[in-house]
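The numbering of the sequence shown is numbering that gives the first Met the number 0, which starts it at 0 and goes up by one.
Where a beta carbon is used, it is the ideal one built from N, C-alpha and C, also for glycine.
Computed from a predicted structure; not experimentally measured.
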Amino acid sequence: MIIRDFLEEDNIKIFDRDIRENHADYNAKGLDNLYAQEEDNFWFIARKEYIFQTIKQFISMSEKIIEIGAGTGNVSRYLQSNGYKNISVGEMHLSGLKYAKGYGIKECYQFNLLDTPFEDEFDAVFMFDVLEHIEEDDFALQNVNKSLNKKGEIVLTVPSNMWLWNRDDAIAGHKKRYTKKELINKLESNGFVILKARYFFIGIVPLLFLRTVLNSDDKSEVKETEFSNDISMNSVLNNVLLFISRVENKINHLLPNIFGGSLLIIAKKK
Numbered sequence: 000m001i002i003r004d005f006l007e008e009d010n011i012k013i014f015d016r017d018i019r020e021n022h023a024d025y026n027a028k029g030l031d032n033l034y035a036q037e038e039d040n041f042w043f044i045a046r047k048e049y050i051f052q053t054i055k056q057f058i059s060m061s062e063k064i065i066e067i068g069a070g071t072g073n074v075s076r077y078l079q080s081n082g083y084k085n086i087s088v089g090e091m092h093l094s095g096l097k098y099a100k101g102y103g104i105k106e107c108y109q110f111n112l113l114d115t116p117f118e119d120e121f122d123a124v125f126m127f128d129v130l131e132h133i134e135e136d137d138f139a140l141q142n143v144n145k146s147l148n149k150k151g152e153i154v155l156t157v158p159s160n161m162w163l164w165n166r167d168d169a170i171a172g173h174k175k176r177y178t179k180k181e182l183i184n185k186l187e188s189n190g191f192v193i194l195k196a197r198y199f200f201i202g203i204v205p206l207l208f209l210r211t212v213l214n215s216d217d218k219s220e221v222k223e224t225e226f227s228n229d230i231s232m233n234s235v236l237n238n239v240l241l242f243i244s245r246v247e248n249k250i251n252h253l254l255p256n257i258f259g260g261s262l263l264i265i266a267k268k269k
């Protein structure tokens, strides 16, 4: 149920109008970059394909789902087009939700997860590369737990392994990268039982490590101009990396679950 009052604007339910578009956790300029690139960039394509192939084993298409921190709503649009019709999106930035509306997602909520307006409302909560933006990640997971109904499920993806930390993490507003063990412990301590935990983007780890070496984080304050950095890449390289990532997605279950560029975990409420 919804436990807080809201306003409605352009068919978007607004709970926290005073949240700024740009803040310490995420600068909204990044949403414009996402919107411009996520339909073509290999990373966004391979990630949403891996998410879909994994969650369909655990999450029924009839379940009531919200994707929190949905950005432009691109992943939810993909899942919706593949059968998850009862999916809504939540996001702090109105600009992101307006993109989501343009994608045809009907239920859009503007709110801060640290002050969730929901209680026992959803069968599943999706958070794709969101938790790493939140300093109070334990409290965020407690609020996800609160938003789920009995035996509800959470699906998370996060960037993994601090030894892959680079300047792009700082620009994106990341607070950390997680190991599998660390995130499992965090979920279990906040009322969840683990169903699946797998690293992915394993095949491109050498390239990700090279990026860390060549684009190390000097710990300086992120400049305003860095938020608008071009994230496009050479089309040939992009296609090669997409091919590698798609092959990996098909055989991921056969690969050692030791490290990767990203981590996916599915858990259910105790």
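If you compare alpha carbons, which of the options is closest to residue i?
i    : options                  : result
S94  : K180, R16, I183 and I65  : R16
E120 : R3, Y198 and I264        : R3
K179 : G70, I257, W162 and N165 : I257
E55  : V74, F200, Y83 and E37   : Note on identity: in this sequence residue 55 is Lys, with Glu being the wrong assignment. Residue Y83 is the option with its Cα nearest to K55.
G259 : G202, N85 and D216       : G202
E62  : G70, P116, E7 and K149   : K149
P116 : I65, L262, A196 and V239 : I65
E37  : I13, L6, T71 and K145    : T71
Can you name the residues that DSSP bridges to residue i?
i    : result
Q109 : I13 and E90
P116 : The partner list for P116 (beta bridge, DSSP) is empty, contrary to what the question assumes.
T156 : F127 and L263
L6   : I13
Going by the CB atoms, is the gap between residue j and residue i shorter than 8 Å?
i    : j    : result
L96  : Q109 : yes
V143 : I153 : yes
R46  : T211 : no
I183 : I264 : yes
L233 : R166 : According to the sequence shown, residue 233 is Asn rather than Leu. In this structure, R166 does not lie closer than 8 Å to N233 by Cβ.
Y49  : F199 : yes
N189 : D137 : yes
L163 : F41  : no
K175 : E220 : no
N111 : M91  : yes
V124 : I58  : no
What would DSSP say about residue i, mapped onto helix, strand or coil?
i    : result
P255 : coil
A123 : strand
R176 : coil
F199 : strand
K268 : strand
N148 : strand
Let me know if residue i comes out buried or exposed under the rule of 16 or more other beta-carbons within 10 Å of its beta-carbon.
i    : result
G151 : buried
H173 : buried
K268 : buried
T224 : exposed
N10  : exposed
Could you tell me whether any Cβ in chain B is nearer than 8 Å to the Cβ of residue i?
i   : result
S59 : This model lacks chain B altogether; it includes just one protein chain.
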